[in-house]
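S.K.: Here it is, the structure, as structure tokens.
2 protein chains.
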Amino acid sequence: IDRQAADAARARQDQLTKPRGSLGRLEEMAIRLAGMQGTATPTPDPVRILQFVSDHGVSTEGVSLFPREVTLQMLHNIARGGAAVSVMAESIGAVMEIFDLGIATDPGPVAGVRSERLAPGTGNIAREPAMSDEQLARALDIGRAGVDRALDEGARLLICGEMGIGNTTPATALACALLGLEASILTGPGTGLDAQGVSRKAQVVATALELHARPEHGPLELLRRLGGFDIAASTGAFIRAAQRGLPILVDGFIISSAALVATRINPGVRDWMLFSHGSAEPGHRHMMEALDADPYLHLQMRLGEATGGAALVPLLRLACVVHQQMATFDEAGVSKG
Amino acid sequence: IDRQAADAARARQDQLTKPRGSLGRLEEMAIRLAGMQGTATPTPDPVRILQFVSDHGVSTEGVSLFPREVTLQMLHNIARGGAAVSVMAESIGAVMEIFDLGIATDPGPVAGVRSERLAPGTGNIAREPAMSDEQLARALDIGRAGVDRALDEGARLLICGEMGIGNTTPATALACALLGLEASILTGPGTGLDAQGVSRKAQVVATALELHARPEHGPLELLRRLGGFDIAASTGAFIRAAQRGLPILVDGFIISSAALVATRINPGVRDWMLFSHGSAEPGHRHMMEALDADPYLHLQMRLGEATGGAALVPLLRLACVVHQQMATFDEAGVSKG
């Protein structure tokens with residue numbers, strides 16, 4: 001982080017023709033991006049979305065409203081432009097790279113999708129580790145390589161997204177393990193479970209925690225045992241983004257679990273993160289507290305797919321345009337009060 | 338409001354390829370606009386901003402951090418593109434009409450500004466009514482005519498903005514009178530007063546209330562006595578917009594006082610209102626409660642000038658694009674769960 005650039009941006013905000021601080025968190029957005037990008041002219045553009053699609057073994061435990069086939073169906077829908085994130089990415093002018101990290105059924109070649117299949121879904125965390133050491137290493141690498149490609153193509157903001165039926169369950173389990181919280185505290189309805197469904201899901205999370213959450217396990221081992229290919233790839237992407245100085249916009253519940261792992265592995269990663277929105281999934285606020293994060297939007301979103309991140313982009317853009325283009329008191333001949 | 342169009346929009350949201358309700362308040366934005374516009378394809382575009390600039394007699398009471406000349410200086414700054422709202426309007430592609438409703442010093446002809454001067458500022462509400470009956474009638478008319486011009490030019494969303502040193506004071510007094518609240522409850526720092534300044538301002542508001550707030554006065558008479566040209570023009574604009582079916586996006590503290598007056602004059606106006614943001618000005622939440630409003634953004638903004646409204650426009654746009662362009666479960670061959 002370039003403290004000088006951040007300080008200069010803050011000083012400029014105080015010279016712009018408005019009462020000091022009156023643009024609130026729009027000022028903060030510009031200042032934080034200026035510090036991360038080391039420039040007086042911060043911008044989120046070009047925005048890169050890495051969309052990680054994969055299946056989760058635990059989906060066979062009845063933890064979601066939707067059947068497992070939906071992951072595959074949604075991969076096609078995302079690639080063909082019909083999913084929420086597809087429409088949003090197009091609308092905000094973001095480039096999206098879509099990954100098949102391991103859907104239960106191999107879709108074969110799909111236009112616009114990178115096939116980086118690690119397995120036909122992860123292991124069922126209620127019975128076994130989500131992945132092997134090798135799969136974990138490869139998932140982290142896929143995320144890293146995605147960031148490197150993004151930077152090669154000029155990206156100035158990274159958003160990771162995910163789609164995978166059942167994936168609030170590993171995200172919940174992983175967060176419980178990292179934060180030392182009971183399953184019942186963090187488990188929520190995901191795509192829309194009723195109270196009975198949530199209770200069943202909490203039981204599945206508790207079983208997974210009993211099996212895998214040991215004090216001797218560090219964050220990487222917990223990620224391997226309780227995570228998913230999507231969460232692991234996002235973790236790798238976040239660590240790499242921080243290493244290479246690419247600002248990260250953290251999306252909702254599942255991606256926040258990756259943000260937690262990444263900051264446990266390397267606390268310095270936190271400095272490179274902005275947080276788009278508070279998810280309607282109730283456990284998300286515990287993750288935000290643990291990350292000392294105060295997300296910008298509170299719109300009861302709970303879709304994933306990077307849609308919360310995408311929704312914040314126009315505001316980041318507005319914050320940066322205002323920062324660059326507003327007149328100062330001197331330029332405009334306005335009295336400072 | 339076209340309930341059928343709103344219901345159809347809600348039904349469509351439930352068919353889109355996402356868990357039901359998972360886009361949260363983005364869904365609500367599209368549904369509400371669909372109902373107001375009576376269409377399956379709602380959109381905020383073209384956006385029209387009516388920017389009302391005027392002076393307030395009460396500014397001589399030392400209720401603002403900034404000297405009175407700043408209103409005139411900011412008129413030029415807004416017109417020349419240097420103000421926050423100028424940059425935002427350009428960035429979001431909104432057409433802005435700028436009005437001089439009565440700055441203390443007549444600026445003469447200014448490119449891009451409509452001169453509709455009612456007086457060199459309003460009366461000082463701590464000593465006299467803000468305006469005469471005739472001035473009130475003309476201010477309301479100016480707002481109405483602005484809406485008619487906007488509609489002639491195809492506008493589909495109205496935002497009123499204001500700039501005028503000291504104008505949180507009349508807005509506070511007016512809201513106190515309408516809501517039956519003490520000056521000390523609603524008075525806040527405005528552009529940045531310290532505690533002593535706020536206390537002095539609350540005293541000015543209390544004096545104005547003592548002079549003007551009588552049980553026999555209806556909302557129009559309170560507007561005449563305690564308001565401002567900006568607040569009155571916005572009130573006229575809101576009533577006209579509702580009459581002609583133009584959706585209203587209510588900006589921050591000052592404009593919310595106009596929204597209060599408009600809904601007291603005609604409660605049906607409320608149906609045509611969306612609320613952009615919760616202002617950092619503390620009294621704003623009382624206004625929002627009275628309007629049964631739950632604003633979308635909470636970014637600690639407190640600038641006025643329609644900047645909160647402008648900030649929400651990209652999200653309204655995104656909500657509408659998603660509503661129109663996402664695939665349904667049937668179209669995408671995705672299982673509904």
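Read top to bottom, the protein sequences are chains A and B. Mapped onto our numbering, the consecutive letters of the first sequence carry residue numbers 1 to 337. Mapped onto our numbering, the consecutive letters of the second sequence carry residue numbers 338 to 674. Where is the CB? At the ideal position from N, CA and C, for every residue including glycine.
(1) Let me know if S59/A comes out buried or exposed under the rule of 16 or more other beta-carbons within 10 Å of its beta-carbon.
(2) Tell me whether S536/B is buried or exposed, calling it buried when 16 or more other Cβ atoms sit within 10 Å of its Cβ.
(3) Taking C-beta pairs closer than 9 Å, name the residues in chain B that Q325/A reaches, listed in chain order.
(4) What's the C-alpha gap between A293/A and E490/B?
(5) In the DSSP output, which residue or residues are listed as bridge partners for S452/B?
(6) Beta-carbon of F612/B versus every beta-carbon of chain A: anything under 8 Å?
(7) Run through chain B and tell me which residues come within less than 7 Å of R25/A, C-beta to C-beta.
(8) Compare the C-alpha of C160/A against each of V250/A, N124/A, L260/A and Q13/A and name the closest.
(9) Helix, strand or coil: how does DSSP classify S54/A here?
(10) By the three-class DSSP mapping on this structure, what secondary structure does M625/B have?
(11) Answer yes or no: do T191/A and P356/B have a C-beta to C-beta separation smaller than 8 Å?
(12) Closest Cβ-Cβ distance between L495/B and chain A: below 8 Å?
(13) Using the three-state DSSP reduction, which class does M131/A fall into: helix, strand or coil?
(14) In angstroms with no decimal places, state the Cα-to-Cα distance between L634/B and G589/B.
(15) Rank P651/B, D478/B and R417/B by C-alpha distance to the C-alpha of G333/A and give the top, closest one.
(16) For the alpha helix (DSSP H) holding L75/A, just list the boundary residues, first then last.
(17) Between which residues of its own chain and T572/B is the CB-CB distance below 7 Å, once the five residues before and five after are set aside?
(18) Taking all protein chains shown into account, do 16 or more other C-beta atoms lie within 10 angstroms of the C-beta of T43/A, making it buried, or fewer, making it exposed?
(19) Under a Cβ-count criterion, where at least 16 other Cβ atoms within 10 Å of its own Cβ denotes burial, should R464/B be classed as buried or exposed?
(20) With a cut-off of 8 Å, does the C-beta of M74/A fall near any C-beta of chain B?
(21) Would you grab the beta carbon distance between P507/B and I568/B for me? Rounded to a whole angstrom, and I think it's under 8 Å.
(22) Which same chain residues, not among the five before or five after R48/A, have their C-beta less than 6 Å away from its C-beta?
(23) Taking 8 Å as the threshold (beta carbon to beta carbon), is A431/B in contact with chain A?
(24) Who are the neighbours of V331/A on chain B, taking C-beta pairs under 8 Å?
(25) Applying the criterion that 16 or more other CB atoms from any shown protein chain within 10 Å of the CB defines a buried residue, is P584/B buried or exposed?
(26) Can you pull the DSSP bridge partners for R385/B?
(27) Is R32/A close to chain E, meaning its C-beta is less than 8 Å from at least one C-beta of that chain?
(28) Quick one: what does DSSP say M273/A is sitting in, helix, strand or coil?
(29) Can you look up T328/A in the DSSP assignment and give me helix, strand or coil?
(30) Cβ-heavy atom distance between D344/B and the ligand COA below 7 Å?
(31) Any beta-carbon of chain B closer than 8 Å to the one on E69/A?
(32) Excluding five sequence neighbours on each side, which residues of the same chain lie with their C-beta closer than 8 Å to the C-beta of Q15/A?
(33) Tell me, which residues are paired with I585/B by DSSP?
(34) Could you work out which residue in Q637/B, A648/B and P619/B is closest to V424/B when comparing CA atoms only?
(35) What alpha helix (DSSP H) runs, 4 residues minimum, are completely inside the segment 503-550 of chain B?
(36) Note down, in chain order, every chain B residue with its Cβ under 8 Å from the Cβ of A155/A.
M.R.: Taking the coordinates as given:
(1) buried
(2) exposed
(3) In chain order: G418, G419, S423, V424, E427 and S428.
(4) About 44 Å.
(5) D437/B
(6) F612/B does not count as touching chain A.
(7) L636 and Q637
(8) V250/A
(9) strand
(10) helix
(11) Yes, Cβ-Cβ distance for T191/A and P356/B is below 8 Å.
(12) no
(13) Look at M131/A here: in three-state DSSP terms it is coil, with no helix or strand label.
(14) Going by the C-alpha atoms only, they are around 11 Å apart.
(15) Of the candidates P651/B, D478/B and R417/B, R417/B places its Cα closest to the Cα of G333/A.
(16) E69 to R80
(17) L477, G480, L560, A595, V598 and A599
(18) Its Cβ being crowded by 16 or more others within 10 Å, T43/A is buried.
(19) exposed
(20) yes
(21) The Cβ separation is near 6 Å, so the contact holds.
(22) V95, A150, A155 and L158
(23) Answer no: the Cβ-Cβ gap between A431/B and chain A never drops below 8 Å.
(24) The identity of residue 331/A in the sequence shown is Glu, whereas the question assumes Val. Residues of chain B passing the Cβ test: G419.
(25) buried
(26) V432/B and L495/B
(27) The displayed structure is made up of protein chains A and B, and chain E is not among them.
(28) Looking at M273/A - three-state DSSP - the assignment turns out to be strand.
(29) strand
(30) Among the components of this structure there are no ligands whatsoever, and the ligand COA is therefore not found.
(31) yes
(32) T328, F329 and D330
(33) Assignment of beta-bridge partners to I585/B by DSSP yields L495/B and M610/B.
(34) Comparing Cα-Cα distances from V424/B to each of Q637/B, A648/B and P619/B, the minimum goes to A648/B.
(35) 505-516, 520-523 and 532-549
(36) Ordered by position in chain B, no residue passes the 8 Å Cβ test against A155/A, which lies about 20 Å from the chain.
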